[in-house]
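Participant: Residue numbers (the numbering used here): 1 to 344. The following block contains the structure, expressed as structure tokens.
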């Protein structure tokens, strides 16, 4: 955690961590943490080869400790696509009538924190953080107690639930987090899986989806140690296949629910924030405020993997970062190309 909170300026830390990681006594989980921290600090120092070696070792150690069943994920994505369609939404009973929620979602490490800061620097919008409440409301509405957070069974059952119940439970369970302003942002990235259910349960809510170049997005996930989510991100080929499934799902949602969510390209926002921020604030139905560009001056705490970046203005340093590792990332690149996914 410490390695993530500040930029490394010399190798002291790395040497200490390497000594620790050479000790035979470490658990796989502890090794994962050490390798990822070594990778992050090596990257801060511009030592790309060292960094990649550490990220790879960290990912391999982590992959051994997580249960990721890819065939289950494939089946789940297929179920979502065949179940949640224009016709399904048209036949849904009416959801809860509240326009307060703004969902910012997409893959992790794709600029959700940057865009959330832009929106919540507006005087009318409160930052509620990454909330688990929507998924919990869905589970409660269908009395679903499978310990897996997402599954084919969950989405099959949720399709016949009462959307107004989900909406009301979500709104009730977020009263503490939503602040006093008329709107609040829930920025749990993985809510992209719930887009159809959000449209049904909270028809007046706004949804903002972050789009980032596939290789940058995949590599950013691969080199990030997540607490207990994104189990597909510890193997290059698995990461690439997951990303292709996600892109395919988002294309399905665009076809079935046109103009019901706002796509924001991370690269566009990072390169030229103002016109993109203005377009976004306008699409959310809010009046423009210059504060939306000064988010890095705001004082609120940020507890996500992007905690360092949001204290500074938008920047383009991480665009194309994967190219420094082109040779090492061959398995990821080959898999994306095989699946017809563009790299940038």
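Glycine residues also receive a C-beta, built at the ideal position from the N, C-alpha and C atoms.
Return the CA-CA distance between residue 335 and residue 326, expressed in angstroms with no decimal places.
Facilitator: Here the question's residue 335 lines up with position 335 in the chain shown. Here the question's residue 326 lines up with position 326 in the chain shown. The straight-line gap from Cα to Cα measures roughly 13 Å.
Participant: For residue 340 and residue 176, what's the separation of their Cα atoms in angstroms?
Facilitator: Counting from one through the chain shown, the residue named residue 340 turns up at place 340. Counting from one through the chain shown, the residue named residue 176 turns up at place 176. Going from the Cα of residue 340 to the Cα of residue 176 covers about 44 Å.
Participant: Under the assumption that residue 185 contacts residue 128 (Cβ atoms under 8 Å), give the Cβ distance between them as a whole number of angstroms.
Facilitator: For the purposes of this step, residue 185 is taken as residue 185 along the chain shown, with counting starting at 1. For the purposes of this step, residue 128 is taken as residue 128 along the chain shown, with counting starting at 1. A Cβ-Cβ distance of about 6 Å is found for the pair residue 185 and residue 128, placing them in contact under the 8 Å criterion.
Participant: Thinking C-beta only, is residue 60 closer than 8 Å to residue 39?
Facilitator: Walking along the chain shown from the start, residue 39 turns up at place 39. Walking along the chain shown from the start, residue 60 turns up at place 60. Not a contact, by the Cβ cut-off of 8 Å.
Participant: Taking only three categories from DSSP, how would you classify residue 211?
Facilitator: For the purposes of this step, residue 211 is taken as the residue at position 211 of the chain shown. DSSP places residue 211 in strand when its eight states are reduced to three.
Participant: Name the DSSP bridge partner or partners of residue 127?
Facilitator: For the purposes of this step, residue 127 is identified with residue 127 of the chain shown, where counting begins at 1. The partner list for residue 127 (beta bridge, DSSP) reads 185.
Participant: So, are the CB atoms of residue 231 and residue 68 less than 8 Å apart?
Facilitator: Against the chain shown, residue 231 aligns to sequence position 231. Against the chain shown, residue 68 aligns to sequence position 68. Judged by beta-carbon spacing, residue 68 lies within the 8 Å limit of residue 231, meaning their Cβ atoms are closer than that value.
Participant: Bridge partners of residue 262, per DSSP?
Facilitator: Here residue 262 corresponds to residue number 262 of the chain shown, with the count starting at 1. Answer is 208, bridged to residue 262.
Participant: Tell me which residues share the same chain as residue 83 and place their Cβ nearer than 6 Å to its Cβ, disregarding the 5 neighbours each side in the sequence.
Facilitator: Taking the chain shown and counting its residues from 1, one reaches residue 83 at position 83. Excluding positions up to five away in sequence, the list reads 159.
Participant: Less than 7 Å separating the Cβ of residue 339 from some heavy atom of the ligand HEM?
Facilitator: Questions concerning the ligand HEM fall outside what the structure shown contains, since it holds no ligand whatsoever.
Participant: Please specify which runs of the alpha helix (DSSP H), each continuous and at least 4 residues long, are wholly inside the region 111 to 174, giving them in chain order.
Facilitator: 112 to 120, 133 to 141, 152 to 158 and 163 to 173
Participant: Rounded C-beta distance between residue 8 and residue 41? I'm assuming under 8 Å.
Facilitator: By one-based count along the chain shown, residue 8 stands at place 8. By one-based count along the chain shown, residue 41 stands at place 41. Confirmed, about 4 Å.
Participant: Enumerated in chain order, which unbroken segments of the alpha helix (DSSP H) with a length of 4 residues or greater are wholly contained in the region 51 to 88?
Facilitator: 70 to 83
Participant: Alpha helix (DSSP H) containing residue 331: first to last residue?
Facilitator: As a first step, residue 331 must be located in the chain shown, where it is residue number 331. Unbroken alpha helix (DSSP H) run through residue 331: 330 to 338.
Participant: Using three-state DSSP, classify residue 102 as helix, strand or coil.
Facilitator: Looking up residue 102 in the chain shown gives position 102. Residue 102 falls in the strand class under three-state DSSP.
Participant: At the level of alpha carbons, what is the spacing between residue 75 and residue 218?
Facilitator: The residue you call residue 75 lines up with position 75 of the chain shown. The residue you call residue 218 lines up with position 218 of the chain shown. Spanning the two alpha carbons is a distance of roughly 21 Å.
Participant: Is the region 161 to 171 touching the region 111 to 125 in the sense that three or more CB pairs, one from each, lie closer than 8 Å?
Facilitator: no
Participant: Which residues mark the beginning and the end of the alpha helix (DSSP H) in which residue 97 is found?
Facilitator: Position 97 of the chain shown, counted from the start, is the residue given in the question as residue 97. Per DSSP, residue 97 belongs to no alpha helix (DSSP H) and is neither H nor E.
Participant: Nearest by alpha-carbon distance to residue 250: which of 234, 226, 222 and 210 is it?
Facilitator: Position 250 of the chain shown, counted from the first residue, corresponds to residue 250. Taking only the C-alpha atoms, the option nearest residue 250 is 210.
Participant: Please classify residue 13: does DSSP put it in a helix, a strand, or coil?
Facilitator: Here residue 13 is taken as the residue at index 13 of the chain shown, counted from 1. Helix at residue 13.
Participant: Rounded to the nearest angstrom, what separates residue 292 and residue 281 at their Cα positions?
Facilitator: Indexing the chain shown from 1 puts residue 292 at position 292. Indexing the chain shown from 1 puts residue 281 at position 281. Each residue's alpha carbon lies about 9 Å from the other.
Participant: Looking at residue 81 and residue 242, is the spacing between their C-beta atoms short of 8 Å?
Facilitator: The residue you call residue 242 lines up with position 242 of the chain shown. The residue you call residue 81 lines up with position 81 of the chain shown. Their beta carbons are not under 8 Å apart, which means residue 242 does not touch residue 81 by this criterion.
Participant: Can you tell me which of the three DSSP states residue 233 falls into?
Facilitator: Mapped onto the chain shown, residue 233 falls at position 233. Note: residue 233 maps to helix in three-state DSSP.
Participant: Here's a check: name, in chain order, each residue in its chain whose Cβ is nearer than 8 Å to the Cβ of residue 268, leaving out the five neighbours to either side.
Facilitator: Residue 268 sits at position 268 when you count from the first residue of the chain shown. If we look at residue 268 and ignore the five residues flanking it on each side, its Cβ neighbours are 276.
Participant: Under three-state DSSP, which class holds residue 341?
Facilitator: In the chain shown, counting from the first residue as 1, residue 341 sits at position 341. Looking at residue 341 - three-state DSSP - the assignment turns out to be coil, as it is neither helix nor strand.
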